[in-house]
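Residue numbers (my numbering): 3 to 270.
C-beta atoms are modelled at their ideal positions from N, C-alpha and C, and glycine is treated no differently.
One structure below.
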DNA sequence: ATGGCAGGTTATACCTGA
């Protein structure tokens, strides 16, 4: 059986509840991973999603910032989360899907403005976060198991994951040091980029467009910050990947759009 | 090269995002 996993940095789940419900209705993913929900667990609109069929939920949230959630139409097992860099800041949640796939939902720190860890604590945090998650995935998840890792990783690793490779080399999200660390994380687990699996590396691909552009669509200065990775046992079962660019044009949109991947779930 | 917008909060200015 095939399942569709989606990831979306929603930038306030309460403000954009109607957009999420619209997306769920129109695209019917089996599982949706959200980031930047910006809601404590008690304020998360759990019932609205449960009423539409996404009854199984794993939610982590704090006031104002961050926050992640997994919404599923099928039961979630072994729900958990890790804290990173000694901050309990709700950037990770995981669960196991019925076919045995372990799903990880990450919101990696954005990293601030200045790409120098010596003067910018936020960038230092981002780099340390990447080191810690890489070591943890290597150690705690070393056995070759079917896993999917999704989220707003806040890094556009490839040349054509940004609108101008040269102009963004010094811009946080595309600097060489971040890209190296994300690539190390990917290599450490043998992770395969499920979207680039279907789209050649020389084709431009974005999942985020700044709110500050006068016309995001016309200027098209995007970055691919949102990712879906799978471990080797799942690669042969990959069926489809899609980035829902049109969602950036919806009324009062998030600056990120959903990314969807369809793959064999491991259930008969 | 710069600045541009958006969301949330012990709000009406300031932090975050990227």
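(request) Quick one: using the 10 Å Cβ neighbour count with 16 as the cut-off for buried, is residue 254 buried or exposed? (result) Reading the first chain from its first residue, position 252 is the one you call residue 254. Label assigned to residue 254: exposed.
(request) Give the C-beta separation of residue 155 and residue 108 to the nearest angstrom, bearing in mind that I take them to be a contact with Cβ-Cβ under 8 Å. (result) Start at 1 with the first residue of the first chain, and residue 155 comes out as number 153. Start at 1 with the first residue of the first chain, and residue 108 comes out as number 106. Contact flag correct, Cβ pair sits at about 6 Å.
(request) Would you kindly check if the distance between the Cβ of residue 212 and the Cβ of residue 163 is under 8 Å? (result) The residue you call residue 163 lines up with position 161 of the first chain. The residue you call residue 212 lines up with position 210 of the first chain. No, Cβ-Cβ distance for residue 163 and residue 212 is not below 8 Å.
(request) Tell whether a beta-carbon distance below 8 Å holds between residue 63 and residue 39. (result) Translated into positions along the first chain, residue 63 becomes position 61. Translated into positions along the first chain, residue 39 becomes position 37. Taking 8 Å as the Cβ cut-off, residue 63 and residue 39 qualify as a contacting pair.
(message) I'd like the list of long-range same chain contacts for residue 196, defined as Cβ closer than 7 Å, with 5 residues on each side in sequence excluded.
(response) Taking the first chain and counting its residues from 1, one reaches residue 196 at position 194. Answer for residue 196: 230, 231, 232, 240, 243 and 263, listed in chain order.
(request) Say whether the region 171-183 touches the region 192-208, bearing in mind that this needs 3 or more beta-carbon pairs closer than 8 Å, one atom from each stretch. (result) no
(message) Can you list, in chain order, the residues of its chain with a C-beta nearer than 6 Å to that of residue 91? Leave out the 5 residues immediately preceding and following it.
(response) Taking the first chain and counting its residues from 1, one reaches residue 91 at position 89. These residues qualify, in order along the chain: 68.
(request) Classify residue 16 as buried or exposed, calling it buried when 16 or more other Cβ atoms lie within 10 Å of its own Cβ. (result) In the first chain, counting from the first residue as 1, residue 16 sits at position 14. Residue 16 comes out exposed.
(message) Would residue 2 and residue 95 be called neighbours here (beta carbons separated by less than 8 Å)?
(response) What the structure shows of the chain is the stretch from 3 to 270, and residue 2 is not part of that stretch, so it cannot be assessed.
(request) Could you check the C-alpha separation between residue 24 and residue 58 for me, to the nearest Å? (result) Residue mapping note: residue 24 aligns to position 22 of the first chain, counting from 1. Residue mapping note: residue 58 aligns to position 56 of the first chain, counting from 1. Distance between the alpha carbons of residue 24 and residue 58: 18 Å.
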